[in-house]
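Peer 1: Throughout, my numbering is defined as the position within the sequence shown, counted from one, plus 211. Even glycine gets a Cβ: it sits at the ideal position worked out from N, Cα and C.
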Amino acid sequence: MYYAIFCKIYYFFIILYIVGIFASIYFLLNKSYWDKFDFLRDDRLLRILYKSIIPILVIGYTWFVAIPIIRDKPVIDSGEYCVQEGIVSQAVTDGGLLGLFKTIIVTIDKTDYEFSVAYAEEGITKGDIVNITYLPHSKYAVIEKP
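Right under this line is the structure:
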C-alpha cells in the first residue's frame, strides 16, 4: 500500500519537473512567442525579465521539491519508511496553490512536525493518536489511526 502511494507522489512530481524543464527551454529559445507582445518587442530588459520567470520557478522547484523527492527514491524502493507515532496538534488542512496540497502537524516527543499528506484516513482530528509513515527528505506521509 505505501509503495503505491509514495510511487504515485514520486512520479507526479518527476513528470511535473520534466514538463517544467521543457517549458523553460521552450520559452527561453522561442523568439517568435515573445514577439507577439508589443510591450516586450522594444524593451530588451523587460523581455529578459519575462523570459527568466519560468527558469527561476523551475530552479526553485528543483531545490524545494525535486531534489528531496529524488533523494527519497531509494527509500521508496526499499520500503524502509520512517514510522513514528504522535498526537495530532493540527488536523489535515488544505494548502498550497488552489488547496491542492494537504498538510498536518503532529506532536512527537513534545516537538511539532509538519508533514505533507499523501494519504490520510477519514476522521482524523486534533488530539488523535496517529501513526505516521513518511519519507525522510520530502516529508510526504501516510497518516493512519493505530
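1) Just to confirm the assignment: which complete beta strand (DSSP E) runs, minimum length 3, are found wholly within the segment 298-331?
2) When the Cα atoms are used, what is the spatial distance from Ser235 to Lys321?
3) Got a sec? Which residues, its chain only, sit under 7 Å from Val328 by beta carbon, not counting five neighbours each side?
4) Among Ala277, Asn241, Ile287 and Lys356, which has the Cα closest to the Cα of Glu333?
5) Expressed to the nearest angstrom, what Euclidean distance is found between the alpha-carbon atoms of Ile265 and Asp254?
6) Mapping DSSP to helix, strand and coil, what is Ile354?
7) Can you give me the C-alpha to C-alpha distance between Cys293 and Ala215, rounded to a whole angstrom?
8) Distance, Cα to Cα, Tyr330 vs Ile232?
9) Give me the Cβ distance between Ile280 and Tyr221, rounded to the nearest whole Å; I'm assuming they're in contact under 8 Å.
10) Closest to Asn359 by CA distance: which of Phe326, Glu296 and Gln301 is it?
11) Quick check: what's the CA-CA separation for Met212 versus Asp339?
Peer 2: On the basis of the coordinates in this document:
1) Secondary structure within the segment 298-331: the beta strand (DSSP E) runs of 3 or more consecutive residues, fully enclosed, are 312-319 and 322-331 (chain order).
2) For Ser235 and Lys321, the gap between their C-alpha atoms comes out near 43 Å.
3) Val303, Lys313, Thr314, Ile315, Ala352 and Ile354, listed in sequence order.
4) Taking only the C-alpha atoms, the option nearest Glu333 is Lys356.
5) Going from the Cα of Ile265 to the Cα of Asp254 covers about 19 Å.
6) In this structure, Ile354 counts as strand in the three-state DSSP scheme.
7) Approximately 16 Å between the Cα atoms of the pair.
8) Linking Tyr330 to Ile232 through their CA atoms gives a straight-line distance of about 28 Å.
9) Indeed, because the Cβ distance is near 6 Å, the residues count as touching under 8 Å.
10) Any property of residue 359 remains undetermined from this structure, which presents the chain solely from 212 to 357.
11) For Met212 and Asp339, the distance between alpha carbons rounds to 22 Å.
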